[in-house]
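Comments concern the structure below.
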Amino acid sequence: MQFSFKTIKEKCQKLFPPSSPEEDRSIEDHTAPLEEQAKVDSVSDAYSTWLCDLWQILRKQTYHQFKVEDLELFGISYEKFELDTGVDLLPPDENTFFSPNFAKVKNLQPDPDQWGFEDIMDFLGEWPEPSKSPFYKEVKRDNAESLCSALYVAFAILEWKEYEKKESICLQHQTNWRYADFDEAFDVNKWRVSGFWHNRGCDSTPQDVWLATGKPHIMATIAHGYPSDNGSLLLGEIQAVIALMIVRLVNNSVPEHNIVPVLLYSYTGDKHGRVLQAYMSHRNLVIRTSKFYDFSAKHDAHLKLLLQYMVGDLVGTTMTLETPDLKSIDTSVDSDSGFSSA
């Protein structure tokens, strides 16, 4: 079933509840003048409509991935970025929305005095031996889901502390992120955004979502049954970005913002993972990706490299009054091939 933008906007009002005054006073204290708010809303509607049009095209695709050189057909700009490691940090530009903080995690170690420490570390360590049962069949997406869970545990459950310090901390509690249960956020009885990528056997499943308090930024994890490929974007990655942006724009939870930055941790069935950052520019959807990192030795390989973005600052300009000049999307894209018709 297809939905118009108006229908989507009506259906999404309850998906993410507006921030309460107790939770987010920044919105209450900085109400935009009516004329300015009208411009903000106009840009937001333009972005949402364009993203919904892209959604309708992508939902017809049968390929599970697209080569980066073909993304322009869908109005998507692709960029590479390097994960900072605390050395030679890249200077932020006007389109930086997630500022890493490697110094914050560099000297942290798991607190051995926390409850369930050994079980947690066993989970974050080496992969278990595969079952020798003749009936056992490996499900590739299970590997990716396990890596999503490991990142969640490291960020939201594990207690960390610096060497020789008594106090331990949970990283999520040191940030502006609040956890949003995916099933609660996307109601199956209404317009379920997750249904966007659960079509035609697409083997990609979102796992965890965090919303920034008082800001439009979103962070999520997603698991795929497909192998990694640095030269492609997975359909599920693109769909997750678009769906999360649409919901954040149309539900009026952050009314003074119309640019929704998305930070997506994407894991594949061959035990690899990468980081994507996405936002809407004046012209189109921009998706930046890191290279894929190998997690086949341990769940927590490269862990601090990923955590530095989760604990970093949420920055960037997320409100524009300039009417966007959005690129036209190639409607001649062949739904059976995923590429432009001849």
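Residue numbers for the sequence shown follow our numbering, so the first one is 2 and each next one is one higher.
The C-beta atom is built at its ideal place from N, Cα and C for all residues, glycine as well.
Check, Outcome
"Spatial neighbours of Leu152 in its chain, beta-carbon cut-off 7 Å, leaving aside the 5 residues before and after", "Thr222, Tyr266, Leu307"
"Buried versus exposed, by CB contacts within 10 Å (16 or more), Leu35", "exposed"
"Distance between beta carbons of Leu304 and Ala145, contact taken as under 8 Å", "Between Leu304 and Ala145 the Cβ distance is about 16 Å, and since that is not below 8 Å, they are no contact."
"Helix, strand or coil at Ser267 [DSSP, three-state]", "strand"
"Closest residue to Ile288 among Lys166, Gly274, Pro262 (Cα-Cα distance)", "Pro262"
"Residues that DSSP places opposite His352 in a beta bridge", "The question about residue 352 has no answer here: the residues shown for the chain are numbered 2 through 343."
"Environment of Pro207 [buried if 16+ CB atoms lie within 10 Å]", "buried"
"Classification of Ser229 by the beta-carbon crowding that lies within 10 angstroms, buried from 16 upward", "buried"
"Nearest neighbour of Trp116, chosen from Ile77, Gln173, Ser169, Asn102 [CA to CA]", "Ser169"
"Presumed contact (8 Å Cβ cut-off) between Phe296 and Ala302, rounded CB distance", "5 Å"
"Cβ-based burial, Asn108 [other Cβ within 10 Å; buried from 16]", "exposed"
"Span separating the alpha-carbon of Lys167 from that of Pro111", "12 Å"
"Thr176 beta carbon near the ligand HEM (any heavy atom closer than 7 Å)", "Absence of the ligand HEM is noted for the structure shown, with no ligands found whatsoever."
"Endpoints, the alpha helix (DSSP H) within which Leu125 is located", "118 to 125"
"Identified DSSP bridge partners for Pro207", "Ile223"
"Identity of the residues DSSP links to Lys68 by a beta bridge", "Ser233"
"Through-space distance from Leu327 to Trp178, alpha-carbon basis", "30 Å"
"Alpha-carbon spacing of Ser20 relative to Ser205, whole angstroms", "With a pLDDT of 41 at Ser20, under the threshold of 50, the modelled position of this residue cannot be trusted; read the value that follows with caution. Rounded to the nearest angstrom, the two C-alpha atoms are 29 Å apart."
"Those residues which DSSP pairs with Tyr48 across a bridge", "Answer by DSSP bridge pairing: none, since Tyr48 is not bridged."
"When His218, Glu83, Gln62, Leu315 are compared against Leu74, the one with the closest alpha-carbon", "Gln62"
"Residue burial classification, Ser329 (beta-carbon count within 10 angstroms, cutoff 16)", "exposed"
"Rounded separation between Glu323 and Glu165 - CA only", "52 Å"
"Collapsed DSSP secondary structure at Trp56 in the structure displayed", "helix"
"DSSP beta-bridge partners of Leu109", "Glu163"
"Alpha-carbon spacing of Leu315 relative to Leu212, whole angstroms", "11 Å"
"Helix, strand or coil at Glu80 according to DSSP, with G and I counted as helix", "strand"
"Nearest neighbour of Gly313, chosen from Ile158, Asp71, Gln173, Lys40 [CA to CA]", "Gln173"
"C-alpha gap between His258 and His283, whole angstroms", "14 Å"
"Cβ distance (whole Å) where Thr176 is taken to contact Tyr227 below 8 Å", "That pair is no contact at about 30 Å."
"Rounded straight-line distance, which links the Cα of Asn253 to that of Arg26", "The pLDDT assigned to Arg26 is 38, lower than 50, so where the model puts this residue is not dependable, and the model offers no usable value."
"Backbone CA spacing between Asp54 and Glu160 [nearest angstrom]", "44 Å"
"Unbroken beta strand (DSSP E) run spanning Arg284, endpoints", "Note, Arg284: premise wrong, no beta strand (DSSP E); not H, not E."
"Reduced DSSP secondary structure (H/G/I, E/B, other) of His218", "coil"
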